[in-house]
Structures are given as C-alpha cells and as structure tokens.
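A quick write-up on the structure given underneath.
Right under this line is the structure:
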C-alpha cells in the first residue's frame with residue numbers, strides 16, 4: 002500500500018511539473034525577443050510596421066517596440082515610390098501630434114492581414130533612423 006502512495010505522489014509531481022513547464026513555454030513563446038533583429042511587417046493594405054514580433058506561428062502576431070512610416074503632408078505625388086517620398090518614422094505610443102489614438106507600444110496583428118514578414122539587417126536605413134530617434138531621446 003505504501004508503494005502505491007509513493008507512485009501516486011511521483012506521478013502527481015510529474016504531472017504538475019509538465020503543466021507548469023507547458024504554461025511557461027506557452028507564455029514565453031508570446032514574448033517578443035527584443036535582443037534579436039527587428040522585423041518588418043508588410044500588411045495587405047500597404048502599411049509597414051517595424052518592431053520585434055512574436056507568436057509568428059499563431060493567428061495573432063504580437064509586435065512590440067513598434068515604428069511606422071507617416072508620409073509628410075508635402076508628399077502629394079501618389080505615384081512616387083516610398084523611397085522617393087519624404088516620410089517620417091513614427092514611434093507607436095510616443096505621444097505628440099501624430100499619435101491620435103494614444104496607443105500603447107504594442108500591436109496584435111491578425112495573420113490574415115499580413116502580406117509578408119522580413120527580418121531586417123542591423124545596418125538597414127530604418128534601423129539607423131530608429132537609432133537616431135532613440136539617441137535624440139536620451
């Protein structure tokens with residue numbers, strides 16, 4: 002009888018450890034890795050967001066440390082390419098005149114709205130603009 006109690010206790014502990022480990026793994030997979038490269042998220046409507054993405058295999062992709070392009074009012078030529086237009090890089094949730102919604106610096110994007118995702122090089126022009134922005138805030 003003592004041996005059955007011991008086996009039951011061991012089995013119960015194993016189940017508890019597996020449930021805790023599974024919950025932690027699930028939680029950790031939803032936390033963006035901000036130590037790696039940023040991603041560029043291209044949406045079907047043409048908008049592009051930059052940041053650290055997680056939950057890449059889920060229906061909802063989470064993006065933190067989010068930046069996006071805002072064309073300047075002088076960019077009236079709709080046929081000009083993005084590179085030829087004057088655009089500002091805006092920090093989501095930074096406040097100011099361009100932050101009408103007052104959003105937090107976190108987005109959850111439905112995968113159906115995403116056209117494609119690219120991993121950005123550290124020396125990309127967008128990352129340089131982000132570094133310049135962060136240095137100006139110090």
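Numbering (our numbering), first residue to last: 2 to 139. Glycine included, every Cβ here is placed at the ideal spot set by N, Cα and C.
- Boundaries of the alpha helix (DSSP H) around residue 128: 126 to 137.
- Out of 122, 131, 116 and 120, the CA that lies nearest to the CA of residue 46 is found in 116.
- DSSP places residue 52 in the strand class (E or B) of the three-state scheme.
- Burial is judged here by how many other beta carbons sit within 10 angstroms of a residue's own beta carbon; residue 126 has fewer than 16 and is exposed.
- With a cutoff of 8 Å on beta-carbon distance, residue 104 and residue 90 are scored as not near each other.
- Per the C-alpha coordinates, the member of 66, 18, 13 and 10 positioned closest to residue 37 is 66.
- In this structure, residue 50 keeps its C-beta atom at 8 Å or more from the C-beta atom of residue 61.
- In the three-state reduction of the DSSP assignment, residue 107 falls in the strand class.
- Here residue 19 carries a helix assignment [DSSP, helix/strand/coil].
- Contact between residue 109 and residue 63 holds: CB atoms are separated by about 5 Å, below the 8 Å threshold.
- DSSP places residue 41 within a strand segment (E or B) once states are collapsed to three.
- Shown here, residue 8 sits in a helix according to DSSP, grouped into three states.
- A straight-line Cα-Cα distance of about 22 Å links residue 69 and residue 59.
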